[in-house]
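Read top to bottom, the protein sequences are chains G and V.
With my numbering applied, the first sequence covers 499 to 928.
With my numbering applied, the second sequence covers -16 to 549.
Backbone N, C-alpha and C define an ideal beta-carbon position, used for all residues, glycine too.
Only one structure is covered here, and it is reproduced in the block below.
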Amino acid sequence: MTVHTDVVCPFCGCLCDDLEITVEGNEITGTKNACAISRSKFMNHGKNRLESPIVDGKEASVEETIEEAAKVLANAKRPLVYGLSSTECEAIGRAVELAEVCGGVVDNTSSVCHGPTILALQQVGESKTTLGEVKNRADLVIFWGSNPTEAHLRHILRYSVMPKGMYVPEGRKGRYIVTVDVRDTRMKRLSDQFLKIQPGGDFELLSALRAAVRGSRIQAESVSGVPMEEIVELARRMKAAKMGIVFFGLGLTQSDGRHMNIDAAVGLVAELNHHTKFLLTPMRGHYNVAGANSVTAWQTGYPYAVDFARGYPRYNPGEYTAVDLLASGEADAAVIVASDPGATFPVDAASRLARIPTITLDQKVTPTTMLSRVVIPVATAGVECEGTAYRMDGVPIRLKRLVKPHAGALTDAEVLVRMIERVRELRGEA
Amino acid sequence: MGDIIVKGGYVYDPANGIDGEKVDIHISGGKVVEETRERGVKVVDASGMLVMPGGVDLHSHIAGSKINIGRVMRPEDHRKDPVPRTRVTRAGVGYSCPSTFVAGYRYAQMGYTTVMEAAMPPIGARHVHEELNDTPIFDKGAFTLFGNNHFTLKYVRDGDMEMLKAFIAWLLRATKGYAVKIVNPGGVENWKWGKNVGGLDDLVYNFEVTPRQIITSLARANEELGLPHTIHLHCNNLGVPGNYETTIETMDAVRSIKPKEGRGNTIHVVHVQFNALDGTNWMNVRSGASKIAKYVNANPHTTLDLGQAIFTDTTTMTGDGPWQFRLWNITGNKWVNSDVEMEAGAGVVPYSFKKNNPANAIQWAIGLELALHIYDPWRVYMTTDHPNGGPFVFYPQVISWLMSRKARTDTMLEINKAVMRRTTLANVYREYTFGEIATVTRAATARVLGLKDKGHLGPGADGDVSVYHLDPTAWRPSMYADLEKAFIKAAYTIKAGNIVVKDGEVMATPLGTTFWADARVPEDVEAEFMKDLEEEFSKHYTVGLKNYPVEDAYLPTQKAIRAGGD
Chain G
499 MTVHTDVVCP FCGCLCDDLE ITVEGNEITG TKNACAISRS KFMNHGKNRL ESPIVDGKEA
559 SVEETIEEAA KVLANAKRPL VYGLSSTECE AIGRAVELAE VCGGVVDNTS SVCHGPTILA
619 LQQVGESKTT LGEVKNRADL VIFWGSNPTE AHLRHILRYS VMPKGMYVPE GRKGRYIVTV
679 DVRDTRMKRL SDQFLKIQPG GDFELLSALR AAVRGSRIQA ESVSGVPMEE IVELARRMKA
739 AKMGIVFFGL GLTQSDGRHM NIDAAVGLVA ELNHHTKFLL TPMRGHYNVA GANSVTAWQT
799 GYPYAVDFAR GYPRYNPGEY TAVDLLASGE ADAAVIVASD PGATFPVDAA SRLARIPTIT
859 LDQKVTPTTM LSRVVIPVAT AGVECEGTAY RMDGVPIRLK RLVKPHAGAL TDAEVLVRMI
919 ERVRELRGEA
Chain V
-16 MGDIIVKGGY VYDPANGIDG EKVDIHISGG KVVEETRERG VKVVDASGML VMPGGVDLHS
44 HIAGSKINIG RVMRPEDHRK DPVPRTRVTR AGVGYSCPST FVAGYRYAQM GYTTVMEAAM
104 PPIGARHVHE ELNDTPIFDK GAFTLFGNNH FTLKYVRDGD MEMLKAFIAW LLRATKGYAV
164 KIVNPGGVEN WKWGKNVGGL DDLVYNFEVT PRQIITSLAR ANEELGLPHT IHLHCNNLGV
224 PGNYETTIET MDAVRSIKPK EGRGNTIHVV HVQFNALDGT NWMNVRSGAS KIAKYVNANP
284 HTTLDLGQAI FTDTTTMTGD GPWQFRLWNI TGNKWVNSDV EMEAGAGVVP YSFKKNNPAN
344 AIQWAIGLEL ALHIYDPWRV YMTTDHPNGG PFVFYPQVIS WLMSRKARTD TMLEINKAVM
404 RRTTLANVYR EYTFGEIATV TRAATARVLG LKDKGHLGPG ADGDVSVYHL DPTAWRPSMY
464 ADLEKAFIKA AYTIKAGNIV VKDGEVMATP LGTTFWADAR VPEDVEAEFM KDLEEEFSKH
524 YTVGLKNYPV EDAYLPTQKA IRAGGD
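What follows is the structure, given as structure tokens:
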């Protein structure tokens, strides 16, 4: 029996790195410090595994799957490489390279989650921080359209609500917690103030708060269902904070207004910096979605939705984003890495995946593997192989290898490297 | 890797006293040697051409979270400069925030073979190294940020030099950093409360130490450890008119510190263009360059680099959060702030240097004034603080301004006339020689970095050579356009004996070596330090200490430069 300490959890953007995982033989038998989701990921990592590479529904060797995948890609006019947010950075880099070699498109899951956050960043910027600053200094924490009690379980314990920090020695008592959401969530009980707003009212409320911070009067009794006095009071509280932070989630990025909501949030926070220290940080979902944006940006200049059809990278969310490329019928082949768009995409996009040759790298049987022509089982990063992941705030941490890969599976990066080599050969480049 | 002879060129190798003589350079096993075997050796015909050691840039922002924020936030910048893939090279983008691959190619195309990333936040060190591993060709290193680190502030407050030294040695090893970088000491910590410091004797909140104490303590510790490079300092008050006084005061604060044995200098001040402003506000700003030059000329313990401003659209990015906030307020452009727990911060704001803007015209002149008023080219280095003053691909233009008064005059005629009244540039007749250019871009930068095998072509040096399509014997300052053409696309760039660029085209993309500084303190001191570190770390960081140091997996080719004696 081996107990691995300081294990990094490859599930959500919190990237907790204090887990203890017990391994007996090649089996994970126990976890400590893990949240319920994390525990389930570790304990069940061996279940529902893909047992063999598959081509056209038949079992095949790894070599055969790579050969078939390379043939599909070498002949495709507009292949899409998609996913990437739940694998490690080397694999992400190789996926970008594969798209480049094929003259295809590479996109990651941020196009369906925090893409609007990035659009807002490109419009107006962002005043952000790593999570330790929040733990050590923040006396006002606002959750807006995000619910860590369901999605980022230990965020509350480790970073934002409970921990004792350098200048917040009292922990929870030293912080004022505000939650803004359209419905009652479990955050209500944890918060000092809960603002239940009308759906689609985020932009207006953020703008009203900004006006209040500036001292401008608004001729309204309430905005988005929040009484004016409460808005003025919250603005006063924000200005009086020693250090404040807004954590926002998909409630803000994927509701009406999308990137305009984030623009408004960034503007409010920027405004507050004339009075005190104020920051905001997106609650990223997948454990390495921040890494997917990072790697894609340093290799191509753009964080997602990158097209190589002309031999150089071009960027156009809304056109080169996976959902749009599939729904428009443009994509004529797809490589899916560490993602399950067959289950999560809108039906127009998902059904296109079933009609074109789709090549999927995954550990488990998923709706996407079931509609793929080529399926290649791979090792789980952070459990069966090492690699880098970027926490939601951009802090890079090294993932651990705890057990041997299931049935000798290759890693995502190894599979992608082989595919790149073979595609280059088929295209007469190597 | 076969042997190579670079034959018949006019060689400028200032470190070895070679000034334009026809000398053949022999390279074997990646190193410069006295003589190669004649048989099977590849001959690079450099006759009639300019030959120098490979370029060494000691201050550039090319890898890590800051430049990557710039990349993410500026698609409009990339759109100006797309770079298609070839059979040898990866696709990417250029201009002010180039993709990693393109940065590697373009530096090599200009004949540069060593580039230092100027600011690495410790907790983000893996990110820097991951990007460096995707940046081909040149050798590299990264400077670890120390000036606002809580452990620095604590040990400075306690006056505990031994613990400070142990901390420096540990953090350089943990981050695989090359030098002690300091950015707006104290100011960045105060920025975590939305404030700044206004001078060397302001107090840092909660620590009650001053920037002066931080700088002098780190400089002393740096020299006592014998690190290969001196402290690498971005001064307080950057971008504030009148700041030339702070700059001189800062240099003077470390004057009495004893340098490491074998070197005369104790402080490198970075991108001084931004820190040499006279006047009281941006309306009446004028150049303070000659005052700084006068101080530097009289004080051999100082070195500096220019941070030359270029008239173009660029992206500013520094570890100086409060300055970037101020710049955002001046420009109204988009603004990213990025605070880093316990250690550092950063900000990114796009900026255009405009010819008709009086302040920009003055800033442009200041960089050149510094280079031309400081007599000793071994102590003033050519940079644009890429991309803050402008993208590094403008280096050839800077060279032409340094070497040709006509180039300067032609530019002065196009820009705001404030440059005539509020700087001394029009009265400067000095023109750099090829030997001086080789000094400020290679020999001197390598020497101040403590990279003994770089920046020269003597036996034992790394086989890094650049050859340019330019006959220095026929060149005259009026021909500055030829100079720019020659320096942007080298005839040959040879890296560790491999021809990586030929006629401006990238031929091969080997991965360069990462240098880091390996310093040691006595074991008992280290043990005491580790005890203190462990206790504080677990309380205040959000990653575990065991997950903090950069693993060897991130440094596929590394070379530790031992601190201390030779």
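field: For V252(V): DSSP bridge partner residues
entry: L216(V) and L287(V)
task: List the whole-angstrom C-beta distance separating A469(V) from Y451(V), where the pair is believed to meet the contact cut-off of C-beta under 8 Å.
output: 4 Å
- prompt: Count the other CB atoms within 10 Å of the CB of Q717(G); is the residue buried (16 or more) or exposed (fewer)?
  reply: exposed
task: On a CA-only basis, which of H212(V), K175(V) and R459(V) is nearest R545(V)? Give me that one, please.
output: H212(V)
Rounded straight-line distance, which links the Cα of S200(V) to that of V187(V): 15 Å
- prompt: Hey, does W306(V) have any beta-carbon neighbour from chain G nearer than 7 Å?
  reply: no
task: Check distances from the C-beta atoms of the stretch 64 to 82 of chain V to those of chain G and list, in chain order, the residues that come in under 8 Å.
output: P65, V66, P67, R68, R70, R73, A74, G75, V76, C80, P81 and S82
Residue from E919(G), P875(G) and E927(G) with nearest C-alpha to A905(G): P875(G)
query: Quick one, which residues of the stretch 570 to 592 of chain G are near chain V if we go by CB-CB under 8 Å, in chain order?
result: C587 and G591
- prompt: Does the stretch 586 to 605 of chain G come close enough to the stretch 701 to 711 of chain G that 3 or more CB-CB pairs lie under 8 Å?
  reply: no
field: Cβ distance (whole Å) where R425(V) is taken to contact P36(V) below 8 Å
entry: 5 Å
field: Three-state secondary structure assigned by DSSP to C600(G)
entry: helix
query: Does DSSP put M541(G) in a helix, a strand or coil?
result: helix
- request: Could you name the residues of the same chain whose beta carbon sits closer than 6 Å to that of H254(V), not counting the 5 residues immediately before and after it, in chain order?
  value: G290 and D368
field: Spatial neighbours of V872(G) in its chain, beta-carbon cut-off 6 Å, leaving aside the 5 residues before and after
entry: V553, T563, E566, A567 and I857
query: Which whole-angstrom value describes the C-beta separation of I293(V) and F336(V), a residue pair presumed to lie in contact below a C-beta threshold of 8 Å?
result: 6 Å
query: Is the CB of S625(G) under 7 Å away from at least one CB in chain V?
result: yes
Contiguous beta strand (DSSP E) assignments of at least 3 residues, all confined to the stretch 621 to 660 of chain G: 623 to 627 and 638 to 642
task: Pair every Cβ in the stretch 492 to 509 of chain V with every Cβ in the stretch 145 to 163 of chain V, then say whether three or more of these pairs are closer than 8 Å.
output: yes
- prompt: In angstroms, rounded to a whole number, what distance separates the CA positions of N530(V) and K539(G)?
  reply: 21 Å
message: Can you find the residues in the same chain that come closer than 7 Å, C-beta to C-beta, to W174(V), ignoring five residues on each side of it along the sequence?
response: G304, P305 and G328
query: How would you write the range of the alpha helix (DSSP H) that F308(V) sits in, first residue to last?
result: G304 to T314
- prompt: Which chain V residues sit within Cβ distance under 7 Å of T886(G)?
  reply: R109 and E113
message: Measuring only the C-alpha atoms, how far is S849(G) from L216(V)?
response: 57 Å
message: Relative to the C-alpha of V85(V), which candidate in V66(V), E324(V) and N226(V) has its C-alpha closest?
response: V66(V)
message: Assuming contact is defined by CB atoms lying nearer than 7 Å, are V793(G) and C587(G) in contact in what I supplied?
response: yes
query: Taking Cβ-Cβ distances shorter than 9 Å, what residues in chain V pair up with M781(G)?
result: Here the premise fails: no neighbours, minimum Cβ distance about 15 Å.
message: Would you say V893(G) lies against chain V (beta-carbon separation less than 7 Å)?
response: yes
Partner residues on chain V for A795(G), Cβ-Cβ distance less than 7 Å: N51, R54 and V55
- prompt: Hey, which unbroken runs of the beta strand (DSSP E) at 3 residues or more fall wholly within the stretch 818 to 861 of chain G?
  reply: 831 to 835 and 856 to 860
message: Would you call the stretch 751 to 760 of chain G in contact with the stretch 719 to 738 of chain G, where contact means no fewer than 3 C-beta pairs closer than 8 Å?
response: no
Nearest candidate by alpha-carbon position, reference G456(V), set G0(V), G31(V) and E18(V): Gly is not the amino acid found at residue 456(V); the sequence shown has Thr there. The option with the nearest alpha carbon to T456(V) is G31(V).
- request: My understanding is that R120(V) touches G87(V), with C-beta atoms under 8 Å, so please give their C-beta distance in whole angstroms.
  value: For the record, residue 120(V) in the displayed sequence is Ile; it is not Arg. Confirmed, about 5 Å.
- prompt: chain A beta carbons: is any one of them nearer than 7 Å to that of K686(G)?
  reply: No chain A is part of this structure, whose protein chains are labelled G and V.
- prompt: Of all the options Q196(V), F150(V) and G130(V), which has the alpha carbon lying nearest to the alpha carbon of P168(V)?
  reply: G130(V)
task: On a CA-only basis, which of P508(G), P844(G) and E525(G) is nearest M499(G)? Give me that one, please.
output: E525(G)
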